[in-house]
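In terms of my numbering, the sequence shown is residues 1 to 660.
Idealized CB from N, CA, C, for every residue including glycine.
The structure appears below as structure tokens.
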Amino acid sequence: MTYIAQEKYNQAEEPCRRACQLDPREENACYYLGRVYYTLSRLAESRKAYEAALRNGGGARVELGLAMTLDHLGEKGEAERYFGRAIAAGESGAAKEYGLFLFRHDRAGESVANLRKAGESAEAARVEAAMKNAPRAARQVAAPGIRFEASELPVILKNSAAGEKHLIETMTGGVAVFDYDGDGWPDIYVVNGAAIPSLEKTDSSYHNRLFRNNRDGAFTDVTARAGVAGEGYSIGVAAGDFDNDGHEDLFVAGVRSNTLYRNRGDGTFENVTARAGLGGEGKWSVGAGWFDYDGDGRLDLFVVRYVVWDAAKEPYCGAPGRRQYCHPSQYAPLASSLYHNEGGGRFRDVSRESGIAAHEGKGMGVAFGDFDGDGRLDAFVTNDTMPNFLFRNRGDGAFEEVALAAGVAYNDDGKPLSFMGVDFRDYDNDGRDDLLTTALTNETHPLFRNLGGRFVEMTYPSGIGKTSFPWTGWSTGLFDFNNDGWKDIFTANGHVMDNAELTSGRKSRQPNLLFTNRGGKFDGEALPGAAFHRGAAFGDFDRDGCIGVVVTRLNQSPVVLRNRCGGNWLELRLEGTRSNRDGFGARVHVVTEDGEQWNRVTTAVGYASSSDRTVHFGLGTAREVKRIEIEWPSGKRQTLGPTSGNQILTVKEDGAIRLP
């Protein structure tokens, strides 16, 4: 029981198991063993322990535990029977759990009635709000299927794991999709692990790789010529044109140091880290994102920090002979950093004066959107086992942290999850930026719908909850993969533990997930190919209007998933003149005969990764776009159209339009 109170469930298993065997009549022993197995996702064993407790006189709390276990085993009828018995016996919390059970199984009306009857008015109000604000039924068109064709890149993503269970080994694998040579075809940059910092290990094969798109479905390794192999243990990457010269640059985040590569425009890059002032000061950076927070026309940089880590002081976690990666609670948090672009290739650390440094967390991902509709980009940071941060841009150079008030600090149960990947994008076509996140096995992949300055969690009402519950999600993205006019969801999955089978009922290697958007509700499916997936980035590799994905896999080659879709589409590449040249932060609204859609220019998508900045719209059956409206970061509003679909347009802020 002491181990359980400390959340050391692996250590709690053996004494609980022995106690249950020694005296099954002792209700506590088998009950707590059931709890331990439930928490470790060993659901079949949890069921046996609870049933043993019931056979030996266990009461209502055992019945409640068994009901929750049966629910996650898919035995809905039996689960409901035991919920009923626990409620009839007056078990504390049973009515609330039953109400949430009904909610998860699309019985919202019954859920509200039961919660109100049990005096759980706050929970009832939450369920009512979720259903009241569910997306309205929308006109549906025949959506083409989504078919991915997989190929591998010729590199192995190495994490330098050698049995010591260093925390950083679980975290590498960021990837970027960006057009480094300006030919209009997306290229790929893969972040690799390296020798563990401060340990005696060397291997020349541990370096980052840049692959040029050959325009024929293949990619060529051009790392050596480009000069972007990197040094040290890299984790993530962010692409963006920080100097407005028309060439996309790279920022690489690492455990001990960061690197800024300036794109010279001739196929090579220059390491300008020292001059720019972005070295990292020895703090562990997971990823980063480019955005112009003050509207001066230059891209600023938000760097996500994780925890204080030292290889020489790595704690031992897990049972003897079953060493595991330690829980994040074993490490101290860090504050993220904000760097203001001063121009001339130099950045100034404004973390303190902006208010960002006042909030220490265990950051995993960052994405940008305008959640309150004031025209300024806000920053959302996912935190591992800590409340998330939503930094509201005040417009005076400072940010206010408002995640709790906005409803995105925790999940709907009021718990901080192991939040990881994130996308800040409108999934329900109502014109407001929503938040999609990923988290660990047993935590779902939470989806928050923006109601206009505050959010309501829609994970279960949207259909995501049940499918995502068993899987650990890392990177993710909201993109219209079948071109039906509704953004779908892709999540890259893989357990944190490389030996999860020893201590839980879950698999270490896991499949990626695809959720097809059916007018605001999602149908989920697992894709072929289980692995330790980590980073994922998105782009139209073939310029055929179908968004593909590149996904990294620990100790395997990254896989490129080319999308063979149908439907009509439109892609826009924005070029700022008063605004930053990439047009980051611009909001694009399109109108067709099938309805309206909104999207935003960004590369900050997922976990430790960076997606192509091209804005993509699926048009369904519409072959023409009636109107395109662009709100530029400078404040300028631009209206275009009508225009034909199935083409890629470059739109300049000064009004010029051209085919690439």
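Notebook entry, point to check: When the Cα of Gln324 is compared with those of Leu502, Tyr180 and Asn411, which residue comes out closest?
Noted result: Mapped onto the sequence shown, residue 324 falls at position 324. With distances taken between Cα atoms, Gln324 lies closest to Leu502.
Item checked: Length of the line joining the Cα atoms of Gln140 and Phe617 -> One-based indexing of the sequence shown puts residue 140 at position 140. One-based indexing of the sequence shown puts residue 617 at position 617. Confidence at Gln140 is low in this model, with a pLDDT of 42, below 50, so the placement of that residue is unreliable and no value is reported for it.
Notebook entry, point to check: Can you list, in chain order, the stretches of the alpha helix (DSSP H) that have 4 or more residues and sit fully within the region 406-490?
Noted result: 464-468
Item checked: Of the listed residues Gly655, Gln597, Asp488 and Met497, nearest to Glu169 (C-alpha basis) -> Stepping through the sequence shown from its first residue, residue 169 is reached at position 169. Per the Cα distances, Met497.
Check: Does DSSP put Val255 in a helix, a strand or coil?
Finding: For the purposes of this step, residue 255 is taken as residue 255 along the sequence shown, with counting starting at 1. Coil, per DSSP.
Note to self: Can you give me the C-alpha to C-alpha distance between Val255 and Ser418, rounded to a whole angstrom?
What the structure shows: Taking the sequence shown and counting its residues from 1, the one referred to as residue 255 is at position 255. Taking the sequence shown and counting its residues from 1, the one referred to as residue 418 is at position 418. Roughly 20 Å between the two C-alpha positions.
Notebook entry, point to check: My guess is that Glu45 and Tyr37 are in contact by the Cβ rule of under 8 Å, so how many angstroms apart are they, rounded?
Noted result: In the sequence shown, residue 45 corresponds to position 45, counting from 1. In the sequence shown, residue 37 corresponds to position 37, counting from 1. Right, their Cβ atoms sit about 4 Å apart.
Note to self: Determine whether the beta carbon atoms of Gly465 and Thr437 lie at a separation below 8 Å.
What the structure shows: For the purposes of this step, residue 465 is identified with residue 465 of the sequence shown, where counting begins at 1. For the purposes of this step, residue 437 is identified with residue 437 of the sequence shown, where counting begins at 1. No. Outside cutoff.
Checklist line | For Asn388, the nearest candidate out of Pro333, Arg81 and Arg432 (CA to CA) | finding: In the sequence shown, the residue the question calls residue 388 occupies position 388. Asn388 has its Cα closest to that of Pro333, out of Pro333, Arg81 and Arg432.
Note to self: Per the DSSP calculation, Gly287 is bridged to which residue(s)?
What the structure shows: Position 287 of the sequence shown holds residue 287. In DSSP, Gly287 forms a bridge with Val304.
Margin query: I believe Glu673 touches Asn393 by the beta-carbon criterion, under 8 Å. Please report the beta-carbon distance rounded to the nearest angstrom.
Written below: There is simply no residue 673 to check, as the chain begins at 1 and stops at 660 in what is shown.
Note to self: Let me check understanding here. Comparing Cα to Cα, which of Lys652, Glu78 and Val559 lies closest to Asn512?
What the structure shows: Residue 512 sits at position 512 when you count from the first residue of the sequence shown. Measuring from the Cα of Asn512, the nearest candidate turns out to be Val559.
Notebook entry, point to check: Which of the three DSSP states, helix, strand or coil, is assigned to Glu75?
Noted result: Within the sequence shown, numbered from 1, the residue matching residue 75 stands at position 75. Three-state result, Glu75: coil.
Checklist line | the region 289-309 in contact with the region 210-222 per 3-pair CB rule at 8 Å | finding: no
Next item on the list: Decide if Leu71 is buried, meaning its Cβ has at least 16 other Cβ atoms within 10 Å, or exposed.
Entry: Position 71 of the sequence shown, counted from the start, is the residue given in the question as residue 71. It is Asp, not Leu, that sits at residue 71 in the sequence shown. Asp71 is buried by the Cβ-count criterion.
Next item on the list: Compute the distance between the beta-carbons of Val605 and Gly477, then report whether it is under 8 Å.
Entry: The residue labelled residue 605 in the question sits at position 605 within the sequence shown. The residue labelled residue 477 in the question sits at position 477 within the sequence shown. Yes, these two residues count as a Cβ contact at 8 Å.
Next item on the list: Measure the alpha-carbon distance for Asp667 versus Asn10 and round it to whole angstroms.
Entry: What the structure shows of the chain is the stretch from 1 to 660, and residue 667 is not part of that stretch, so it cannot be assessed.
Notebook entry, point to check: What separation, rounded to the nearest whole angstrom, lies between the Cα atoms of Phe538 and Ala49?
Noted result: For the purposes of this step, residue 538 is identified with residue 538 of the sequence shown, where counting begins at 1. For the purposes of this step, residue 49 is identified with residue 49 of the sequence shown, where counting begins at 1. Cα to Cα, Phe538 sits roughly 45 Å from Ala49.
Checklist line | Gly99 to Leu73 span [Cα, whole Å] | finding: In the sequence shown, residue 99 corresponds to position 99, counting from 1. In the sequence shown, residue 73 corresponds to position 73, counting from 1. Roughly 18 Å separates the two Cα atoms.
Note to self: According to DSSP, Glu734 sits in a beta bridge with which residue or residues?
What the structure shows: The structure shown does not extend to residue 734, since the chain is modelled only from 1 to 660, so the question has no answer here.
Next item on the list: Return the residue from the list Ile657, Pro186 and Thr385 that minimises the CA-CA distance to Asp216.
Entry: Residue mapping note: residue 216 aligns to position 216 of the sequence shown, counting from 1. Selected option, being the one with the closest Cα: Pro186.
Item checked: Collapsed DSSP secondary structure at Phe584 in the structure displayed -> As a first step, residue 584 is located in the sequence shown; it is residue number 584 there, counting from the start. Three-state DSSP puts Phe584 in coil, outside helix and strand.
Next item on the list: Kindly indicate which three-state DSSP category Val62 falls into: helix, strand or coil?
Entry: Taking the sequence shown and counting its residues from 1, one reaches residue 62 at position 62. Residue state, collapsed to three classes: helix.
Check: Which of helix, strand or coil does DSSP assign to Ala398?
Finding: Along the sequence shown, one-based indexing puts residue 398 at 398. Three-state DSSP puts Ala398 in coil, outside helix and strand.
Item checked: CB of Gly421 within 8 Å of CB of Ser41, strictly -> Along the sequence shown, read from residue 1 onward, the residue named residue 421 stands at position 421. Along the sequence shown, read from residue 1 onward, the residue named residue 41 stands at position 41. Their beta carbons are not under 8 Å apart, which means Gly421 does not touch Ser41 by this criterion.
Notebook entry, point to check: Using the rule of at least 16 other Cβ atoms within 10 Å of the residue's Cβ for burial, across every protein chain shown, is Leu649 buried or exposed?
Noted result: As a working mapping, residue 649 is identified with position 649 in the sequence shown. Buried, since its Cβ has 16 or more Cβ neighbours within 10 Å.
Check: To the nearest angstrom, how far is it from the Cα of Gly494 to the Cα of Gln638?
Finding: The residue labelled residue 494 in the question sits at position 494 within the sequence shown. The residue labelled residue 638 in the question sits at position 638 within the sequence shown. Answer to the nearest angstrom: the Cα atoms are 43 Å apart.
Next item on the list: Within 10 angstroms of the Cβ of Arg352, are there 16 or more other Cβ atoms? Answer buried if so, exposed if not.
Entry: Here residue 352 refers to the residue found at position 352 of the sequence shown. It is exposed - the Cβ of Arg352 has fewer than 16 other Cβ atoms within 10 Å.
Margin query: Please report the distance separating the alpha-carbon of Tyr261 from that of Val175.
Written below: Taking the sequence shown and counting its residues from 1, one reaches residue 261 at position 261. Taking the sequence shown and counting its residues from 1, one reaches residue 175 at position 175. Cα-Cα distance, rounded: 15 Å.
Next item on the list: Please name the residue in Ser329, Ile630, Gly289 and Val590 whose C-alpha comes closest to that of Ala608.
Entry: As a working mapping, residue 608 is identified with position 608 in the sequence shown. For Ala608, the nearest C-alpha among the options comes from Gly289.
Note to self: Could you tell me the alpha carbon to alpha carbon distance between Ala88 and Ile628, rounded to whole angstroms?
What the structure shows: In the sequence shown, residue 88 corresponds to position 88, counting from 1. In the sequence shown, residue 628 corresponds to position 628, counting from 1. Spanning the two alpha carbons is a distance of roughly 59 Å.
Check: Using a Cβ-Cβ cut-off of 6 Å (strictly less than) and excluding sequence neighbours within five positions of Glu91, which residues of its own chain qualify?
Finding: Translated into positions along the sequence shown, residue 91 becomes position 91. Taken in chain order, the residues that qualify are Ala60, Arg61 and Leu64.
Check: Near Ala118, what residues of its chain come up, given a Cβ to Cβ distance below 6 Å and the 5 sequence neighbours on each side ignored?
Finding: Residue 118 sits at position 118 when you count from the first residue of the sequence shown. So the qualifying residues of the chain are Ala95.
Check: Just the Cα atoms here: how many angstroms apart are Thr516 and Phe522?
Finding: Residue 516 sits at position 516 when you count from the first residue of the sequence shown. Residue 522 sits at position 522 when you count from the first residue of the sequence shown. Going by the C-alpha atoms only, they are around 5 Å apart.
Checklist line | Same chain, Cβ closer than 6 Å to Gly163, five either side skipped, listed in chain order | finding: Here the question's residue 163 lines up with position 163 in the sequence shown. Same-chain partners within the cutoff: there are none.
Item checked: Glu653 versus Asp612, Phe584, Glu575 and Arg432, residue with shortest Cα-Cα distance -> As a first step, residue 653 is located in the sequence shown; it is residue number 653 there, counting from the start. Comparing Cα positions, the closest option is Glu575.
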